[in-house]
Amino acid sequence: MATDTACPVDLEDGLARAGDDREFYKELLEIFLDDVPGRMEQLRSAIAAGQADEVASVAHSIKGAAANLSALAIRDTALNIETQARNENLSDAPALAGTLEVEIGRLTEFLRSFE
26 MATDTACPVD LEDGLARAGD DREFYKELLE IFLDDVPGRM EQLRSAIAAG
76 QADEVASVAH SIKGAAANLS ALAIRDTALN IETQARNENL SDAPALAGTL
126 EVEIGRLTEF LRSFE
């Protein structure tokens, strides 16, 4: 997992995925950050209801979007949630969802200073 001082994205890779267009990459990050609160709400609800299949599905969605943006800590945490949910294990899911929210917050802070 990334440290507090680490950039929450692999910027070189993320920019390459966006054709080295900083403005386009920024727009992609904004779209992700606009969408992810709803996904987090779905994730938390599914965790609370013990719906492992839904937890895995939502985590998979977050993981894929984060991977496409090179947001590695978000990707890795969502992968961990997805893997555990596919194994019908939600015991760590609440804590991992909290970690995911922290990493999303770090990405939000990064975006504020990204030009």
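This note's numbering puts the first residue of the sequence shown at 26, with every later residue one more than the last.
Glycine included, each C-beta is placed from N, C-alpha and C at the ideal position.
(1) Relative to the C-alpha of A77, which candidate in R69, G63, L132, L115 has its C-alpha closest?
(2) So, P119 versus I72, is the Cβ gap smaller than 9 Å?
(3) Within 10 angstroms of its Cβ, does I56 collect 16 or more other Cβ (buried), or is it exposed?
(4) Enumerate in chain order the residues of its own chain whose CB-to-CB distance from D60 is below 8 Å, with the five nearest sequence positions on each side excluded.
(5) How big is the Cα-Cα spacing for A81 and T108?
(6) Which residues bound the alpha helix (DSSP H) around P33?
(7) Taking the Cβ atom as the reference point for each residue, do S95 and L36 lie within a distance shorter than 9 Å?
(8) What are the start and end residues of the alpha helix (DSSP H) that includes S82?
(9) Below 8 Å CB to CB, which residues in the same chain sit around L58 once its five sequence neighbours on both sides are set aside?
Checking against the coordinates, here is how it stands:
(1) The alpha carbon of A77 has as its nearest neighbour, out of R69, G63, L132, L115, the alpha carbon of L115.
(2) Yes, they are a contact pair.
(3) With fewer than 16 other Cβ atoms within 10 Å, it is exposed.
(4) So the list reads A90, once near-sequence residues are dropped.
(5) Whole-angstrom Cα-Cα distance: 7 Å.
(6) Going by DSSP, P33 is part of no alpha helix (DSSP H) at all; its letter is neither H nor E.
(7) A Cβ-Cβ contact shorter than 9 Å links S95 with L36.
(8) Judged by DSSP secondary structure, S82 falls within the alpha helix (DSSP H) whose first and last residues are 77 to 93.
(9) Counting only residues of its own chain and dropping the five nearest sequence neighbours on each side, L58 has a CB closer than 8 Å to the CB of I129, L132, T133, L136.
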